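Trainee:
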Amino acid sequence: MTKKTLYFTIGNNPCDDAGDALLVAADLFLGMKPLTATSTAMYFNKVDGARDVSVLTFTHANGDGRAVMHAVGDAMLAEPRDGMIDIVDKVGGGILTTTTNLITSVAFTTL
Amino acid sequence: MRRNKQIQEKYLYFAIAGGTEALADDAGQAIQLTTSTTDPVPPGTDAYANGVFTVSVTDHADHLWGTHYGTPIAGASVEIHPSSIKTYHTSNGTLTFSTVAEDAVYGYTVSGTAANNDYVVLQKKPIDTIDCMMYPASRMTGIQMVNATSAIVYFESVTGDVDATDQVLVTFASGSYKEFCLTLNDAISDNKRQSNVIDVVDVMSGTYLNGNPAAATAVAFTLDT
Chain A
523 MTKKTLYFTI GNNPCDDAGD ALLVAADLFL GMKPLTATST AMYFNKVDGA RDVSVLTFTH
583 ANGDGRAVMH AVGDAMLAEP RDGMIDIVDK VGGGILTTTT NLITSVAFTT L
Chain B
232 MRRNKQIQEK YLYFAIAGGT EALADDAGQA IQLTTSTTDP VPPGTDAYAN GVFTVSVTDH
292 ADHLWGTHYG TPIAGASVEI HPSSIKTYHT SNGTLTFSTV AEDAVYGYTV SGTAANNDYV
352 VLQKKPIDTI DCMMYPASRM TGIQMVNATS AIVYFESVTG DVDATDQVLV TFASGSYKEF
412 CLTLNDAISD NKRQSNVIDV VDVMSGTYLN GNPAAATAVA FTLDT
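Protein chains in written order, with the numbering used here: chain A, 523 to 633; chain B, 232 to 456.
#1: If you draw a straight line from the C-alpha of I617 of chain A to the C-alpha of L415 of chain B, how long is it?
#2: Return yes when the Cβ of P273 of chain B is within less than 9 Å of the Cβ of I358 of chain B, no when it is not.
#3: Going by beta-carbon coordinates alone, are G297 of chain B and S308 of chain B separated by less than 9 Å?
#4: Regarding G250 of chain B and the ligand ATP, is the C-beta to nearest heavy atom distance less than 8 Å?
#5: When you compare only the Cα positions, how much space is there between V341 of chain B and Q263 of chain B?
#6: Got a sec? Which residues, its chain only, sit under 8 Å from L282 of chain B by beta carbon, not counting five neighbours each side?
#7: Could you please give me the residues that DSSP links to P556 of chain A through a beta bridge?
#8: Find the nearest neighbour of T402 of chain B within the set B:L254, B:A451 and B:T390, judged by alpha-carbon distance.
#9: Starting from the beta carbon of K568 of chain A, find every residue of chain B whose beta carbon is closer than 9 Å, and list them in chain order.
#10: Determine the direct distance from the alpha carbon of T321 of chain B to that of K241 of chain B, and round the result to whole angstroms.
#11: Might you give, ordered along the chain, the residues of its own chain that have their beta carbon closer than 6 Å to the beta carbon of G250 of chain B, omitting 5 neighbours on each side?
#12: Just grab the DSSP bridge partners of Y350 of chain B for me.
#13: Mind checking whether M435 of chain B and D397 of chain B have CB atoms under 9 Å apart?
#14: Do you know how far the Cα of A261 of chain B is from the Cα of V428 of chain B?
#15: With DSSP as the reference, label S627 of chain A as helix, strand or coil.
#16: What does the alpha-carbon distance come out to for the pair A292 of chain B and E252 of chain B?
#17: Could you tell me which residues DSSP puts in a beta bridge with E310 of chain B?
#18: Report the option in A:P602, A:M606 and A:L578 whose CA atom is closest to the CA atom of G541 of chain A.
#19: Measure the CB-CB distance between T527 of chain A and A548 of chain A and report whether it falls below 9 Å.
#20: So N567 of chain A and L550 of chain A are in contact, right, with Cβ under 8 Å, and what is the actual spacing, rounded?
#21: By Cβ distance below 6 Å, which residues in the same chain neighbour T631 of chain A in space, the five residues on each side in sequence not counted?
Shown next, in the form of structure tokens:
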């Protein structure tokens, strides 16, 4: 069985420091909601197994929360052979340019 | 007995109705949104250009229109193009339109008679934390009937609190609980729905799953904090 995983970077280049990138199991995903007109949060059960959440915050153009949610959701529905999906890769570009172009920055608010 | 194949993950999207307000008998080339549309008024000077909200005006014989609009029929509702906006003040919600003299294509010149200038403002995109939500279908725990016209869809909370849930209250036509349940079940169980996020009830954009057989009209969120 291939476990689906989701890959994010915050945009630091080189991407080589703590907190520069995150790989999270897709089945930890809890949901997404807008925070403001220009930011949307993505929630996961905490990757370290603690009873808490990991929060990723995406910054985007004014009012694009729906578009970002749909693009990220659509990206998560991909079925790559190796199971790993680049959701937002501000460094390497990734194959999913829709999300990478829509999202101007990524922050790992809580990990 | 035939066994179901494993049901694959889906992502379910819900959104409330966009805020709206009517501004009647407006004098001058500017209108001022109030907190009746959204509270506070939509943020960002680019809000109108980005389609966060729209403004439509009921055409009157003495309105002047740029070429983009053709020749509107008096009494028809005409959406004012984003390119017509000269300025939008996010502090007080004042929106100023270009006149036709200023922009022959997208301009709009109001009537000198205030009573002829009636507008409708409508929010079209989410800007607040309770405007929309997206959940994995696997996090749904059930749908509870509230009364003849509403039900609560429960999801595991995005806060990760195992003792709490997020609630999506959906209002629909009287007696349509089962139709709503069947619609949601269809979204969850059909493995062919694998290419896109599923808009279950998106009142803001007017997008509904399966043609909205339960005639859902409203969504409200109660989120764990």
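Even for Gly, the Cβ is constructed at its ideal location relative to N, Cα and C.
Fair warning: this is a prediction, and the values are worked out from it, not measured in the lab.
Mentor: Let's see:
#1: In the first sequence, residue 617 of chain A corresponds to position 95, counting from 1. In the second sequence, residue 415 of chain B corresponds to position 184, counting from 1. Model confidence at I617 of chain A stands at a pLDDT of 49, short of 50, so the residue's coordinates are unreliable and nothing is read from them.
#2: For this step, residue 358 of chain B is matched to residue 127 along the second sequence. For this step, residue 273 of chain B is matched to residue 42 along the second sequence. In contact: I358 of chain B and P273 of chain B (Cβ atoms closer than 9 Å).
#3: Here residue 297 of chain B corresponds to residue number 66 of the second sequence, with the count starting at 1. Here residue 308 of chain B corresponds to residue number 77 of the second sequence, with the count starting at 1. For G297 of chain B and S308 of chain B, no; Cβs fall outside 9 Å.
#4: No copy of the ligand ATP occurs in the structure displayed, which carries no ligand at all.
#5: The residue you call residue 341 of chain B lines up with position 110 of the second sequence. The residue you call residue 263 of chain B lines up with position 32 of the second sequence. Taken atom to atom, the span from the alpha-carbon of V341 of chain B to that of Q263 of chain B is near 14 Å.
#6: Counted from its first residue, the second sequence places residue 282 of chain B at position 51. The sequence as given places Gly at residue 282 of chain B; Leu does not occur at that position. The answer, listed in chain order, is P313, K355 and K356.
#7: Numbered from its first residue, the first sequence carries residue 556 of chain A at position 34. Within the DSSP bridge table, the entry for P556 of chain A names A:T562 as partners.
#8: Taking the second sequence and counting its residues from 1, one reaches residue 402 of chain B at position 171. Of B:L254, B:A451 and B:T390, the residue nearest in Cα terms is B:A451.
#9: Counting from one through the first sequence, the residue named residue 568 of chain A turns up at place 46. Result: G391.
#10: Counting from one through the second sequence, the residue named residue 241 of chain B turns up at place 10. Counting from one through the second sequence, the residue named residue 321 of chain B turns up at place 90. Roughly 37 Å separates the two Cα atoms.
#11: For this step, residue 250 of chain B is matched to residue 19 along the second sequence. Once the five neighbours on either side are set aside, the close Cβ partners of G250 of chain B are T268, T269 and Q354.
#12: Taking the second sequence and counting its residues from 1, the one referred to as residue 350 of chain B is at position 119. Bridge pairing for Y350 of chain B: B:L254 and B:V288 [DSSP].
#13: Indexing the second sequence from 1 puts residue 435 of chain B at position 204. Indexing the second sequence from 1 puts residue 397 of chain B at position 166. Cβ distance not < 9 Å, so M435 of chain B and D397 of chain B don't count as in contact.
#14: Residue mapping note: residue 428 of chain B aligns to position 197 of the second sequence, counting from 1. Residue mapping note: residue 261 of chain B aligns to position 30 of the second sequence, counting from 1. The alpha-carbon atoms of V428 of chain B and A261 of chain B are separated by roughly 39 Å.
#15: Reading the first sequence from its first residue, position 105 is the one you call residue 627 of chain A. Here DSSP, grouped into helix, strand and coil, assigns S627 of chain A to strand.
#16: Position 61 of the second sequence, counting from 1, holds the residue named residue 292 of chain B. Position 21 of the second sequence, counting from 1, holds the residue named residue 252 of chain B. Put simply, the backbone Cα of A292 of chain B is about 23 Å away from that of E252 of chain B.
#17: Stepping through the second sequence from its first residue, residue 310 of chain B is reached at position 79. Its beta-bridge partners are B:S287.
#18: Taking the first residue of the first sequence as 1, we reach residue 541 of chain A at position 19. That would be A:L578, whose Cα lies nearest to the Cα of G541 of chain A.
#19: Numbered from 1 along the first sequence, position 5 holds the residue referred to as residue 527 of chain A. Numbered from 1 along the first sequence, position 26 holds the residue referred to as residue 548 of chain A. Taking 9 Å as the cut-off, the beta carbon of T527 of chain A is found closer than this to the beta carbon of A548 of chain A.
#20: Sequence index remark: in the first sequence, residue 567 of chain A carries index 45 (1-based). Sequence index remark: in the first sequence, residue 550 of chain A carries index 28 (1-based). With 8 Å as the limit, N567 of chain A and L550 of chain A qualify as a contact, their Cβ atoms being about 4 Å apart.
#21: The residue given as residue 631 of chain A occupies position 109 in the first sequence. Same-chain partners within the cutoff: V577 and T579.
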